[in-house]
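Protein chains in written order, with our numbering: chain A, 1 to 343; chain B, 1001 to 1343.
Think of the CB as a built atom: it goes at the ideal place given N, C-alpha and C, for glycine as much as any other residue.
2 protein chains.
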Amino acid sequence: MTDKKHKKADIITVAQAARVSASTVSRYFNHPELLKPATRKRIDSAVRRTGYIRNRAAQTIHGIRSGTIGVLIPTLDHAIFAEVVQAFSDSVAEDGFTILLASHGYDLQREYAILRKFLEHRVDGVVLTGLDHDEAVFQLIDSQKIPCVLMWNYAAGSRYPSIGADNEMAGRLIAEHVLSLGHRDIACMFPPTGGNDRAMARRDIVLSTLKKAGVTVPDPWMFETVYSISASKRDVTELLTHDHRPTALICGNDILATGALYGAAARGLDVPSDITVVGIGDFKGSSDIEPALTTVRLPARRIGREAGKALVTGIISAGEDPAGSLHCAPEIIRRQSSGPVSQ
Amino acid sequence: MTDKKHKKADIITVAQAARVSASTVSRYFNHPELLKPATRKRIDSAVRRTGYIRNRAAQTIHGIRSGTIGVLIPTLDHAIFAEVVQAFSDSVAEDGFTILLASHGYDLQREYAILRKFLEHRVDGVVLTGLDHDEAVFQLIDSQKIPCVLMWNYAAGSRYPSIGADNEMAGRLIAEHVLSLGHRDIACMFPPTGGNDRAMARRDIVLSTLKKAGVTVPDPWMFETVYSISASKRDVTELLTHDHRPTALICGNDILATGALYGAAARGLDVPSDITVVGIGDFKGSSDIEPALTTVRLPARRIGREAGKALVTGIISAGEDPAGSLHCAPEIIRRQSSGPVSQ
DNA sequence: CATATTTATGAAAACATTTGCAAAACTATT
DNA sequence: AATAGTTTTGCAAATGTTTTCATAAATATG
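Structure (structure tokens):
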């Protein structure tokens, strides 16, 4: 069936097989309603016989959309980004778009290089993760006049439409929750903030919210811990050896909080009666861990889906007023890992 | 700098700006050594001034490689696939390839449709996940004579080179481990196997290994549980209410095992003294959970990396004998969640 | 049945590149 | 300074499509 010597079938091969011109075959795909039903059937069979597959590259040089969207993330290794990407991909696939995916590992230089590559492929739009990017990146996008959305974080005055959660709000919510339970001796654990505006914003707002309530976090209770359960477990285990312990631990994300829970368990301490542990993110599994984790939900799936919708809209209705930002509000999720300070 | 009226700069714009012909600009990119250093510099500056970005679509219709690889996975929502994809992407990025990513959610029909789309984009190669696919999928790949590797699973006689772990071996290893600890009353929990050859192979080999040792799993101890911590926790909590309990539980993957651990904790049972729990996968976090999970390591990162290398080799040295399969052997990882049966 | 409309198709130009070939510009050699 | 050899460059054809415009075929109108 799909033999046809060796060269790949092109539109002309099909045209000959159907005894029509190449233009007619082109119309068969792009404006089938213009064809006589009989011709349509003839081409249909010719396409089948020759095993022809349209060549989007050839279409793209006519200024026709490539049908691809560039997705730039820090890493897939954080389950939360994988979730966002999955939702984004599903969302744009409905409109026939395929994603080009690349990760920069928090290296801004690489982000620029990847973006260039995306543009060489003539993507119809790009999504970046987070609000902060190299100025060169923004300029490149501007110069190519290509739709862009920033996903994951939300901020009112972002350079491009931002679709995501307000990190400051997330940080504030969790800090206020812990304060409301009466805690004053509070430790904090955040990932290294280099090149990561999300983590940075969260940490700063947590600290300032605490300070506003008159609570300062002593230096030895301020951890900078890489994003991994084992690192967090190690640091928390260490922290809990000392006799002067905090009554609460605020973690920058649920992975760190999970490690903290394990660390407390390893030390034989009860959560929350000995120590309250909270995270940010509401990752998969956070609700099932023992004890279930109190956290702030960042609606990853919704963010991915909405970012996809927004970008597709931007692509399809190019030129019009760009789609606006959208705040997918974070929400405090109270579970068992937090409790009132025990006197 | 990158102004230039409104139309995007093409190779002719650059040529004019540098006062050379388009061919020379083309050579500047593809065979720079053929150019006089002075010309090179002139073009260099013209490229910069015009903000020109090469158009890979236009190159691709000359039979030049597109520089893209299609990656087809079931879903990114399983952290383990995200990990494989991340490693794959990093690996091929070294050689300048960008990935087109799509997930089919275990729907074979969608897999075919996605593959077609990849081919329209003229990907230089494709990776599929797992060994089993619709015959139409294989035929399509054959007819387009495009390099393909199957990743994640390994089997000697696979239709295309397979790079991954031998699932039968993984299942056998974990079953033998549990048997070697003296367990006879064994429960099993596996994900639904529809359209998922990996899960199926694992389950069947575990069961047959047990049977060979004279152990049969009674029907009420045979769980088909969706891939989620909460579903597993629920089922295990239920299982452990009955007074006649198994002494060991073999889970088809670490997510289910994690839920099982939580379920046991919720019931106040000790692992491993009351019940042994084991998984398959060695996901991130499996080593840190309390108690640390005994499992079989499926080397996701290595698989992704090797699959990337193999495919790139297949693309670059097209025509030659295709790169062979590679077995990334699974390996039993003994931790605290398994112990000898207590009499 | 001839003419006017409408519908369906083909020819050729356009798209942004690469590349084979030939001409032009240099260098080296005498 | 003329010639031969080499390096550098430009022209034009080719790539696989889409699209505009013109023409041919089919249908409707009188």
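When rounded, the separation of the alpha-carbon atoms in V1271 of chain B and H1104 of chain B is 37 Å.
Under the DSSP assignment, I1061 of chain B falls outside any beta strand (DSSP E); it carries neither an H nor an E label.
If you look at E1224 of chain B, you'll find it in the beta strand (DSSP E) that goes 1222 to 1224.
Setting aside the 5 residues that flank it on each side, I205 of chain A is surrounded in the same chain by E168, G171, R172, each with a C-beta closer than 6 Å to its C-beta; the list follows chain order. Closer than 8 Å to the CB of I11 of chain A there is not a single CB belonging to chain B. Counting the other Cβ atoms within 10 Å of the Cβ of Q1144 of chain B gives 16 or more, which makes it buried. By the neighbour-count definition (other C-beta atoms within 10 Å, threshold 16), G1096 of chain B is an exposed residue.
Close to chain A, meaning a Cβ-Cβ distance shorter than 9 Å, are the following residues of the segment 1119 to 1144 of chain B: L1119, E1120, H1121, R1122, Q1139, L1140, D1142, S1143, Q1144. The CB of V85 of chain A comes closer than 9 Å to the CB of L1076, A1082, L1101 in chain B, given here in chain order.
Closest in alpha carbon position to G252 of chain A, among A:L34, A:G304, A:I146, A:A199, is A:A199.
Contact annotation for Y262 of chain A against chain B: D1288, I1289, E1290 [CB-CB distance below 7 Å, chain order]. Within the segment 1179 to 1203 of chain B, the beta strand (DSSP E) runs of at least 3 residues that lie entirely inside it are, in chain order, 1186 to 1190. The Cβ of T98 of chain A sits closer than 8 Å to at least one Cβ of chain B.
By the C-beta criterion, the segment 1068 to 1081 of chain B is judged not to be in contact with the segment 1034 to 1050 of chain B, since fewer than 3 inter-stretch pairs fall below 8 Å. Look at S1228 of chain B here: in three-state DSSP terms it is coil, with no helix or strand label.
By the 16-neighbour rule on beta-carbons within 10 angstroms, N30 of chain A is exposed. In the DSSP assignment, T241 of chain A falls outside any beta strand (DSSP E), carrying neither H nor E.
In chain order, F1088, S1091, V1092 place their CB closer than 6 Å to the CB of G1308 of chain B, counting only its own chain and leaving out the 5 sequence neighbours on each side. Listed in chain order, the positions of the segment 47 to 73 of chain A with a beta carbon within less than 9 Å of a beta carbon of chain B are G51, I53, R54, N55, R56, A57, A58, Q59, T60, I61, S66, G67, T68, G70, V71. Taking a Cβ-Cβ threshold of 8 Å, the residues of chain A close to R1116 of chain B are I53, in chain order.
Three or more pairs of CB atoms, one per stretch, sit closer than 8 Å, so the segment 1253 to 1273 of chain B contacts the segment 1222 to 1237 of chain B. Among the CB atoms of chain B, none fall inside 8 Å of the CB of G314 of chain A. With fewer than three CB-CB distances shorter than 8 Å, the segment 300 to 316 of chain A does not count as touching the segment 331 to 343 of chain A. Think of a sphere of 7 Å around the beta carbon of G157 of chain A: no beta carbon from chain B falls inside it, the nearest being about 24 Å out. The beta-carbon of K233 of chain A is placed less than 8 Å from the nearest beta-carbon of chain B. Apart from sequence neighbours up to five positions away, the residues of its chain that approach I289 of chain A with a beta-carbon distance below 7 Å are T258, L261, ordered along the chain. One Cα belongs to L128 of chain A, the other to V137 of chain A, and the distance between them is close to 10 Å. Annotated as distal: A79 of chain A and K211 of chain A, with beta-carbon spacing of 8 Å or more.
Residues of chain A whose Cβ lies closer than 8 Å to the Cβ of G1339 of chain B do not exist, since the nearest Cβ in that chain is about 18 Å away. Between R54 of chain A and G67 of chain A a beta carbon distance of about 11 Å is seen, past the 8 Å cut, so the two are scored as non-contacting.
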